[in-house]
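Visitor:
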Amino acid sequence: DGAQKGAQRAASLTQRLLAFARRQPLDPKPIRIDRLIRGMSDLLDRSLGERVEVEFVGAPGLWPVEVDPHELESSIVNLAVNARDAMPDGGTLQIAVSAQTVAGDDARGLTPGPYISLSVSDSGTGMDEETARRAVEPFFSTKGLGKGTGLGLSMAHGLARQLGGTLTITTAPGAGTRVEILLPV
-3 DGAQKGAQRA ASLTQRLLAF ARRQPLDPKP IRIDRLIRGM SDLLDRSLGE
47 RVEVEFVGAP GLWPVEVDPH ELESSIVNLA VNARDAMPDG GTLQIAVSAQ
97 TVAGDDARGL TPGPYISLSV SDSGTGMDEE TARRAVEPFF STKGLGKGTG
147 LGLSMAHGLA RQLGGTLTIT TAPGAGTRVE ILLPV
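Position 11 of the sequence shown, counted from 1, bears residue number 7 in our numbering, the numbering being contiguous throughout.
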């Protein structure tokens, strides 16, 4: 039993590393991200506990994106758990979905056109500039030893890049954190 659990953990670790390296086999399907998130509400409530209030902000008429729904769900759960951990006394977690248009002079290197923005914001402790810069590195974690793998943000970043999008972090100490994933329509 212990050997099987160890093998399952190793397989999960390998999958996350492949996601970071953007070499993970994906099964993309056209999905509406707002509907996917609404379908996750019970899972998020149970995962985050009573001390975290979850708010969802959607926009009408959003276009679908081609994404592996299971990998996107995993990314959302990872982002939400990171946010929960950054709010030790509880707080508010906001998940927002909106449409954006990327112009031809985009500094992030994105192809011009329509995108869907998925952001996860918390009212937690926030990060300093150096921590935020390193946050998407594999195995980098602000959590104590044995608490987390340091792969949640790197996996979400790898997924976004593999799908032609990007992940950005906006944060400051004491001001919470906002992680945004932009995916092309």
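Glycine included, every Cβ here is placed at the ideal spot set by N, Cα and C.
Measure the alpha-carbon distance for residue 179 versus residue 153 and round it to whole angstroms.
Guide: Cα-Cα distance, rounded: 11 Å.
Visitor: Would you mind reading off the limits of the beta strand (DSSP E) that contains residue 69?
Guide: Where residue 69 is concerned, there is no enclosing beta strand (DSSP E), although the alpha helix (DSSP H) it sits in stretches over 65 to 81.
Visitor: Excluding sequence positions up to five away, which residues of its chain have a Cβ less than 6 Å from the Cβ of residue 119?
Guide: Cβ neighbours of residue 119 beyond the five flanking positions: 87, 88 and 172.
Visitor: Assign residue 47 to one of three DSSP states: helix, strand, or coil.
Guide: Correct three-state label for residue 47: coil.
Visitor: Below 8 Å, how does it come out for the region 121 to 133 and the region 103 to 112: are there three or more Cβ pairs, yes or no?
Guide: no
Visitor: Using only the alpha-carbon positions, how far apart do residue 158 and residue 133 sit?
Guide: 16 Å
Visitor: Less than 9 Å between the beta carbons of residue 54 and residue 93, yes or no?
Guide: yes
Visitor: Under 9 Å between the Cβ atoms of residue 75 and residue 149?
Guide: Yes, they are a contact pair.
Visitor: When you compare only the Cα positions, how much space is there between residue 166 and residue -2?
Guide: Taking the straight line joining both Cα atoms gives about 40 Å.
Visitor: State the Cα-Cα distance for the pair residue 60 and residue 29, rounded to the nearest angstrom.
Guide: 7 Å
Visitor: Does residue 174 come out as helix, strand or coil in the three-state DSSP assignment?
Guide: strand
Visitor: What residue range is occupied by the uninterrupted alpha helix (DSSP H) comprising residue 150?
Guide: Under the DSSP assignment, residue 150 falls in the alpha helix (DSSP H) whose first and last residues are 148 to 158.
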